[in-house]
Amino acid sequence: MSELDELYQEVILDHNKSPRNFREMGNANRKSEGYNPLCGDHVTVYIHFIGGIIHDISFKGSGCAISKASASMMTTELKGKSEAEAEELFDDVHKMLTGDVDVEDSGFDRLGKLKILSGVCKFPARVKCASLAWHTVNAALKGVDEVASTE
Amino acid sequence: MKAFQKKQLPHSGDGIFDVEKIRQDFPILRERVHGKPLVYLDNGATSQKPQAVIDAISRYYQSENSNIHRGVHYLSEQATASYENAREKIRQFINAKSEQEIIFVRGTTEAINLVAQSYGRTFLKEGDEIVISAMEHHSNIVPWQILCGQIGARLRIIPINHDGEFVLDEYRRLLNEKTKLVSITHVSNALGSIVPVREAVRIAHERGVPVLLDGAQAVPHLKVDVQEIGCDFYAFSGHKVFGPTGVGVLYGKAELLDAMPPYQGGGDMISLVTFEKTHYNVLPYKFEAGTPNIAGGIGLGAAIDYLNGLDWDQVSDHEKDLLSYATDELSAIERLKIIGKAKEKAGVLSFVFEHIHAHDVGTILDQEGVAVRAGHHCAMPVMQRFGVPATARASFALYNTREEIDALVKGIHRVLRVFG
């Protein structure tokens, strides 16, 4: 598979075309905006956070296929997770995207379906696209009341 | 626009523009990217450099390197002569009246900041209005916002029409007795639209309002004559006109520059310093504090020499052909929408797909060896005006070819195959 085919796999194109949890959330008690000044990608993440658990999570915004698919997959993975679990996952995703690790290593099993995004590490200019939503969730969970930025 | 000096060229055979010969002057064009020949269509971001410019910079560092305007020794005199010689080449290039009116700066951005802080803070006051257009680069928006914040002036925006054209009637309507400065682009970096600057300057001058023109995207494509245009300030960057990065030019009318205070203090901009008082140097040195980018200035001079060796009528015809060919080819692609359809355009083709983000277009084209810009082009208000988050932008230079546009089109078809 070429690097390009690895980047734009069917699953990623599908999440881009029909993003999951792509909606505003009326009862969200955590919300954060993320912005990538380089390309203008913009995402708002909504979280309904009860008893330390991400009860519900959704997002809105505009961006490239990579940022949209990454945000969409992230919401499906984070639903039901605790803050600590989300942080661990964010850490793994970050390592995967920056290419520091072999995702096939058993230590990265919890990445699960997210491994499909590992092709991004071959495209340094696109790492920020894939990590934007994750930075934004991080800010939302920490209750940071400012726009998250990839810069 | 007028032609460059007409002379029989080393590059032209029978009066036909020999683009293949031109390409040989630019060593980087022989590079391969991802195993494919480089197709460089990001000239709006920066242009490539001819061997003559690269050689001039090397030569300076190898045999002339020295500080200017200081030493009595041989090298310093050589370096000073080369640097000042470059200033004279620039003067001729834009037809300024005097070398005193040519200020070396880092680039267009610094030139505009200089005018905002030196002219703006001295001659504008609370309640005054500064007029810019809706298609400015951030570097012609933010310096004015900073100034407005400092002195309580107000920024007014001239709307553009749906084709991305500067509308003179809208501009006329915005000018009033509070207008104290107009600062507009000559050619839009995101859309390629050419602004009717001569008319815009005439209208402002009827009210006694000075005009700054951002010429960063104009100078590589059009013959600029600042006296013919009549503008009060003109700014451009060396690196977009085949020179090095880190050097640019602010042209200003001598009587305005004379009345303005220095922008930065330091060496070279003084004539006498005591702890009680400092006397400033004469123009243009008053605005050139510190050791400048000497190699950059000399490199820009070499770029101008290179351009002077070309027949600008031929260059202009070649670029028009590229733009119209590219416009026709891209218009034929299903679901592709061109942003910016001004009747008068130079060198830029911005496009979008409804279902594909520009960033994805840029990545896939890159895999085909085709370099374009994808994003908001430091002109976010333009993107907002057209309701798009970003565009892909192909921007052309005199060394581009129809074959390269064919490679772009082929790359776009690959984008469409990926995204279905």
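Chains as they are written, first to last, in numbering that gives the first Met the number 0: chain D, 0 to 150; chain X, 0 to 419.
Even for Gly, the Cβ is constructed at its ideal location relative to N, Cα and C.
Just so it is clear, the structure is predicted and the values come from calculations on it, not from any experiment.
CB-CB length for residue i against residue j, believed under 8 Å
i: residue 243 of chain X; j: residue 56 of chain X; result: 6 Å
i: residue 119 of chain D; j: residue 132 of chain D; result: The pair is not a contact, with the Cβ atoms about 13 Å apart (cut-off 8 Å).
i: residue 346 of chain X; j: residue 247 of chain X; result: Not a contact, Cβ separation roughly 18 Å.
i: residue 408 of chain X; j: residue 392 of chain X; result: No, residue 408 of chain X and residue 392 of chain X are not in contact; Cβ-Cβ is about 15 Å, not under 8 Å.
i: residue 92 of chain D; j: residue 70 of chain D; result: That belief does not hold up - the Cβ atoms of residue 92 of chain D and residue 70 of chain D are roughly 12 Å apart, past 8 Å.
i: residue 339 of chain X; j: residue 330 of chain X; result: About 13 Å separates the two Cβ atoms, so there is no contact after all.
i: residue 302 of chain X; j: residue 237 of chain X; result: 7 Å
8 Å Cβ cutoff met for residue i and residue j
i: residue 189 of chain X; j: residue 157 of chain X; result: no
i: residue 61 of chain D; j: residue 24 of chain D; result: no
i: residue 63 of chain X; j: residue 85 of chain X; result: no
i: residue 63 of chain D; j: residue 358 of chain X; result: yes
i: residue 312 of chain X; j: residue 284 of chain X; result: no
i: residue 250 of chain X; j: residue 87 of chain X; result: no
i: residue 163 of chain X; j: residue 341 of chain X; result: yes
i: residue 353 of chain X; j: residue 334 of chain X; result: yes
i: residue 226 of chain X; j: residue 96 of chain X; result: yes
i: residue 211 of chain X; j: residue 235 of chain X; result: no
i: residue 128 of chain X; j: residue 153 of chain X; result: yes
i: residue 195 of chain X; j: residue 167 of chain X; result: yes
i: residue 46 of chain X; j: residue 239 of chain X; result: yes
i: residue 178 of chain X; j: residue 208 of chain X; result: yes
Under 8 Å from the C-beta of residue i: neighbouring residues of chain X
i: residue 58 of chain D; result: Under the 8 Å cutoff, chain X gives no residues; its nearest Cβ is about 15 Å from residue 58 of chain D.
i: residue 12 of chain D; result: 417, 418, 419
i: residue 125 of chain D; result: 358, 362
Other residues of its chain near residue i: CB distance less than 7 Å, five sequence neighbours each side excluded
i: residue 324 of chain X; result: 401, 404
i: residue 9 of chain X; result: With a pLDDT of 47 at residue 9 of chain X, under the threshold of 50, the predicted position of this residue should be treated as unreliable, though the coordinate-derived value follows. Cβ within range, chain order: 308.
i: residue 22 of chain X; result: 28, 398
i: residue 260 of chain X; result: 117, 121
i: residue 417 of chain X; result: 363
i: residue 35 of chain X; result: 367, 368
i: residue 139 of chain X; result: 111, 131, 182, 184, 213
Neighbourhood of residue i by C-beta, 6 Å cutoff - its chain only, sequence neighbours within 5 removed
i: residue 305 of chain X; result: 49, 51
i: residue 108 of chain D; result: none
i: residue 68 of chain D; result: 11, 14, 15
i: residue 355 of chain X; result: 418
i: residue 151 of chain X; result: 125
i: residue 112 of chain D; result: none
i: residue 59 of chain D; result: 23, 43
i: residue 298 of chain X; result: 52, 55, 56, 242, 243
i: residue 5 of chain X; result: Here residue 5 of chain X scores only 43 on pLDDT, less than 50, and its place in the model should not be relied on; the value that follows carries that caveat. Excluding sequence neighbours, residue 5 of chain X sits near nothing in its chain.
i: residue 48 of chain D; result: 28, 29
i: residue 0 of chain X; result: Only weak support is given to the placement of residue 0 of chain X: the predicted model assigns it a pLDDT of 43, under 50, and the value that follows is read from those uncertain coordinates. Answer for residue 0 of chain X: 221, 222, listed in chain order.
i: residue 65 of chain D; result: 125, 128, 129
Listed by chain order, chain X residues near residue i by CB distance under 7 Å
i: residue 3 of chain D; result: 363, 366
i: residue 61 of chain D; result: 388
Own chain partners of residue i with C-beta closer than 8 Å, once the 5 adjacent residues on each side are dropped
i: residue 136 of chain D; result: 31, 44, 46, 56, 73, 77, 85, 89
i: residue 197 of chain X; result: 227, 228, 229
i: residue 2 of chain X; result: Bear in mind that a pLDDT of 45 at residue 2 of chain X, under 50, signals an unreliable position, so the model cannot answer this.
Within chain D, the residues that residue i reaches when beta carbons sit closer than 7 Å
i: residue 358 of chain X; result: 38, 63, 128
i: residue 268 of chain X; result: Chain D residues near residue 268 of chain X: none, gap ~34 Å exceeds 7 Å.
Min CB distance residue i to chain A below 8 Å
i: residue 122 of chain D; result: Protein chains D and X are contained in the structure displayed, whereas chain A is not.
Proximal chain X residues relative to residue i, where beta-carbon distance stays under 9 Å
i: residue 7 of chain D; result: 359, 362, 363, 417, 418
Chain D residues whose Cβ lies nearer than 9 Å to that of residue i
i: residue 134 of chain X; result: None at all; the shortest Cβ gap to chain D is about 16 Å.
i: residue 373 of chain X; result: 38, 63
Length-filtered (4 minimum) alpha helix (DSSP H) runs lying within the region 96-176 of chain X: With a minimum length of 4 residues, the continuous alpha helix (DSSP H) runs that stay inside the region 96-176 of chain X are 107-113, 141-150, 167-173.
Going residue by residue through the region 31-82 of chain X, where are the continuous alpha helix (DSSP H) segments of at least 4 residues, counting only ones entirely within it? Runs of the alpha helix (DSSP H) lying entirely within the region 31-82 of chain X, each at least 4 residues long, are 50-58 in chain order.
Which ranges would you report for the alpha helix (DSSP H) in the region 40-78 of chain D if only whole runs of at least 4 residues count? The qualifying runs are 64-77.
Length at least 4, wholly inside the region 309-350 of chain X: the alpha helix (DSSP H) runs in chain order: If you keep only unbroken alpha helix (DSSP H) runs of at least 4 residues inside the region 309-350 of chain X, you get 311-330.
Would you mind listing the alpha helix (DSSP H) stretches within the region 189-245 of chain X that are 4+ residues and don't spill past its ends, in chain order? DSSP runs (the alpha helix (DSSP H)) wholly in the region 189-245 of chain X: 196-205, 225-228.
Any chance you could list the beta strand (DSSP E) runs of at least 3 consecutive residues sitting entirely within the region 364-412 of chain X, in chain order? Counting only unbroken stretches of 3 or more residues, the beta strand (DSSP E) elements lying wholly within the region 364-412 of chain X are 372-374, 390-394, in sequence order.
Just to confirm the assignment: which complete alpha helix (DSSP H) runs, minimum length 4, are found wholly within the region 270-302 of chain X? If only complete runs of 4 or more residues are kept, the region 270-302 of chain X shows no alpha helix (DSSP H) anywhere.
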